[in-house]
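First up is the structure itself, then whatever we jot down about it.
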Amino acid sequence: MTAGIDQIRLHRVDMPLVRPFRTSFGTQVTRDILLVEVRTTDGVRGWGECVAMEWPGYSYEYVDGCVDVLTDHIIPKVLTTEARDDSIDPVTIARRLAPVRGYPMAKTALATAIMDAWLRGRGERLRDYLGAEYPEELRERVPCGVSVGIPINLSISDLLDEVAGYLDEGYQRIKLKIEPGWDVEPVRAVRETWPHILLQTDANQAYSRNDIHLLRAMDPFELLLVEQPLPEEDLLGHALVAEAISTPVCLDESITSLPVAQSALALKATSIINIKPGRIGGYVESRDIHDFCREKGVAVWAGGMLETGIGRAANVALAALPGFTLPGDTSASRRYYGVDVTAPFVLEDGHLRVPEGPGIGVAPIPEVLAELTNWSSFIGPR
Ligand code: OSB
Ligand code: MG
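Using this note's numbering, you'd call the opening residue of the sequence shown number 50 and step up by one each time.
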């Protein structure tokens with residue numbers, strides 16, 4: 050008899066960022082994070098992180114909305130009498146959550162917490178579960194890049210200082226956030242200072258089909274890719290951009306499922322894919338996009354959403370799969386937070402190590418969690 054779900058607890062934690070993170074959609078100064086804790090009937094705990102932001106600037110999801118939809122619609126799907134007697138393997142849980150449309154970040158947080166508990170019960174690492182079809186190709190360390198925000202004061206010299214610091218720490222790739230008015234000049238400055246680094250940009254949807262000349266102006270800087278120049282829905286527009294510029298286009302926000310990834314690739318709207326489980330609706334679904342891309346020879350890399358150690362642990366496990374051939378936005382804890390909720394992730398020679406324990410391999414440090422938590426809610430059987 051497999052264990053069922055006994056209790057679920059939501060924890061809302063306030064995490065001050067080490068520096069404000071400005072993108073084309075706004076500035077984050079602290080991260081308002083929702084963690085989901087699951088306890089099984091055997092007393093095994095699992096953890097998941099909701100990557101939604103405080104306001105709907107990256108996508109339509111936001112933390113208050115996630116709390117509501119989790120509490121009223123998503124969590125009840127796994128706490129019915131029937132669900133409590135059934136298996137809690139990831140495929141069964143995904144089937145239970147499917148009737149709720151949308152809200153991939155809320156669903157991923159719960160599904161990951163349940164998957165973590167289920168894997169811990171089996172003594173299996175998330176990395177090994179996701180990569181079960183190609184065990185000898187899984188990695189123990191993943192190469193890391195860093196996402197550099199737009200300086201609050203729009204100072205190029207501050208940008209160069211920040212990039213220099215990350216390169217000194219060993220990051221293998223630099224990603225610059227761009228928007229109209231903060232694009233060609235900062236990219237030129239970084240490229241001229243470091244002619245040989247791996248460099249890419251991320252517009253978070255800030256351009257339009259009429260701005261293709263602005264994007265083409267960055268072609269001379271030999272960028273690895275430009276991430277999500279146009280609005281999420283505009284796959285055809287991305288295909289037009291991809292045709293007009295020499296820098297490869299990589300979609301982030303647009304890629305919400307495997308069928309969308311397949312459509313975007315078929316339309317030539319993207320030639321590289323940023324995989325973020327919170328945006329896609331889970332780690333298994335993300336693995337499926339990875340598998341499809343790998344078979345097609347399309348490079349993928351692990352995106353990030355300024356996660357704590359909980360979300361980072363799971364992202365690093367995913368990034369251990371062999372198709373993640375480009376460095377991810379999986380930076381060390383200290384790039385984001387003075388104090389992480391888990392033992393800190395530390396950069397070693399430009400890599401992060403995949404945690405060794407079962408499940409996601411990490412858990413919050415109780416005293417740190419207690420200190421940072423500003424709200425929590427308990428949801429028992431219905
Ligand atoms: O578009 O990749 C993005 C952070 C928050 C929301 C969206 C994005 C980002 C990042 C940072 O670029 C990635 C990270 O280091 O976690
Ligand atoms: Mg992005």
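The beta carbon of each residue, even a glycine, is placed where N, CA and C say it ideally should be.
Owing to the predicted nature of the structure, the values given are computational and were not obtained by experimental measurement.
Does at least one heavy atom of the ligand OSB sit under 7 Å from the Cβ of residue i?
{"i": "residue 356", "result": "yes"}
{"i": "residue 352", "result": "yes"}
{"i": "residue 107", "result": "yes"}
{"i": "residue 382", "result": "no"}
{"i": "residue 251", "result": "yes"}
{"i": "residue 378", "result": "yes"}
{"i": "residue 335", "result": "no"}
{"i": "residue 73", "result": "no"}
{"i": "residue 196", "result": "yes"}
Just to check my reading of the structure: residue i and residue j have Cβ atoms closer than 8 Å, yes? What is that Cβ distance to the nearest angstrom?
{"i": "residue 153", "j": "residue 387", "result": "Rounded, the Cβ-Cβ distance is 30 Å, inconsistent with contact."}
{"i": "residue 239", "j": "residue 159", "result": "With 8 Å as the limit, residue 239 and residue 159 do not qualify as a contact, their Cβ atoms being about 39 Å apart."}
{"i": "residue 143", "j": "residue 331", "result": "6 Å"}
{"i": "residue 282", "j": "residue 250", "result": "No, residue 282 and residue 250 are not in contact; Cβ-Cβ is about 21 Å, not under 8 Å."}
{"i": "residue 411", "j": "residue 191", "result": "The pair is not a contact, with the Cβ atoms about 15 Å apart (cut-off 8 Å)."}
{"i": "residue 155", "j": "residue 119", "result": "5 Å"}
{"i": "residue 103", "j": "residue 109", "result": "Incorrect: roughly 13 Å between the Cβ atoms, too far for contact."}
{"i": "residue 314", "j": "residue 347", "result": "6 Å"}
{"i": "residue 360", "j": "residue 196", "result": "Wrong, their Cβ atoms sit about 14 Å apart, outside the cutoff."}
{"i": "residue 266", "j": "residue 233", "result": "5 Å"}
{"i": "residue 367", "j": "residue 351", "result": "6 Å"}
{"i": "residue 355", "j": "residue 390", "result": "So it is not a contact: roughly 13 Å between Cβ atoms."}
{"i": "residue 466", "j": "residue 107", "result": "This structure cannot settle anything about residue 466, because the visible part of the chain is limited to 50 through 431."}
{"i": "residue 124", "j": "residue 428", "result": "5 Å"}
Which one of the options has the shortest CA to CA distance from residue i?
{"i": "residue 271", "options": "116, 365, 294", "result": "294"}
{"i": "residue 174", "options": "430, 423, 405, 421", "result": "405"}
{"i": "residue 92", "options": "69, 68, 99, 165", "result": "165"}
{"i": "residue 322", "options": "247, 392, 372", "result": "372"}
{"i": "residue 304", "options": "326, 289, 200, 291", "result": "326"}
{"i": "residue 100", "options": "313, 357, 252, 171", "result": "357"}
{"i": "residue 426", "options": "60, 55, 206", "result": "60"}
{"i": "residue 70", "options": "401, 225, 263", "result": "225"}
{"i": "residue 377", "options": "385, 365, 383", "result": "365"}
{"i": "residue 311", "options": "298, 291, 342", "result": "342"}
{"i": "residue 62", "options": "428, 121, 424, 76", "result": "424"}
{"i": "residue 291", "options": "264, 308, 309", "result": "264"}
{"i": "residue 320", "options": "355, 284, 73, 58", "result": "284"}
{"i": "residue 261", "options": "205, 253, 236, 287", "result": "287"}
{"i": "residue 74", "options": "253, 409, 198", "result": "253"}
{"i": "residue 205", "options": "198, 194, 235", "result": "235"}
{"i": "residue 245", "options": "227, 273, 231", "result": "273"}
{"i": "residue 178", "options": "422, 420, 407", "result": "407"}
{"i": "residue 227", "options": "139, 375, 199, 385", "result": "199"}
{"i": "residue 318", "options": "344, 338, 289, 334", "result": "289"}
Confirm the yes/no value for this check: CB of residue i, any heavy atom of the ligand MG, distance under 7 Å.
{"i": "residue 364", "result": "no"}
{"i": "residue 277", "result": "yes"}
{"i": "residue 301", "result": "yes"}
{"i": "residue 232", "result": "no"}
{"i": "residue 323", "result": "yes"}
The ligand ATP and residue i: does any heavy atom of the ligand fall closer than 7 Å to the residue's C-beta?
{"i": "residue 117", "result": "Annotation note on the ligand ATP: not contained in the displayed structure, which lists the ligand OSB and the ligand MG as its ligands."}
If you draw a straight line from the C-alpha of residue i to the C-alpha of residue j, how long is it?
{"i": "residue 213", "j": "residue 130", "result": "56 Å"}
{"i": "residue 396", "j": "residue 134", "result": "42 Å"}
{"i": "residue 188", "j": "residue 370", "result": "7 Å"}
{"i": "residue 97", "j": "residue 336", "result": "17 Å"}
{"i": "residue 269", "j": "residue 296", "result": "9 Å"}
{"i": "residue 243", "j": "residue 349", "result": "24 Å"}
{"i": "residue 150", "j": "residue 229", "result": "34 Å"}
{"i": "residue 316", "j": "residue 340", "result": "19 Å"}
{"i": "residue 79", "j": "residue 413", "result": "18 Å"}
{"i": "residue 258", "j": "residue 90", "result": "53 Å"}
{"i": "residue 208", "j": "residue 222", "result": "15 Å"}
{"i": "residue 379", "j": "residue 280", "result": "24 Å"}
{"i": "residue 182", "j": "residue 146", "result": "25 Å"}
{"i": "residue 255", "j": "residue 186", "result": "37 Å"}
{"i": "residue 218", "j": "residue 148", "result": "45 Å"}
{"i": "residue 169", "j": "residue 53", "result": "13 Å"}
{"i": "residue 57", "j": "residue 132", "result": "14 Å"}
{"i": "residue 95", "j": "residue 76", "result": "31 Å"}
{"i": "residue 210", "j": "residue 88", "result": "45 Å"}
{"i": "residue 171", "j": "residue 329", "result": "25 Å"}
{"i": "residue 324", "j": "residue 306", "result": "10 Å"}
{"i": "residue 117", "j": "residue 308", "result": "28 Å"}
{"i": "residue 430", "j": "residue 215", "result": "47 Å"}
*Fully enclosed by the stretch 321–367, which beta strand (DSSP E) runs are 3 residues long or longer?*
321–324, 348–351
*In chain order, which alpha helix (DSSP H) runs of at least 4 residues are fully inside the stretch 141–201?*
153–171, 175–179
_4 or more residues per run - each alpha helix (DSSP H) lying fully within the stretch 258–319_ = 261–265, 284–293, 307–315
*What alpha helix (DSSP H) runs, 4 residues minimum, are completely inside the stretch 89–138?*
112–118, 124–127, 130–134
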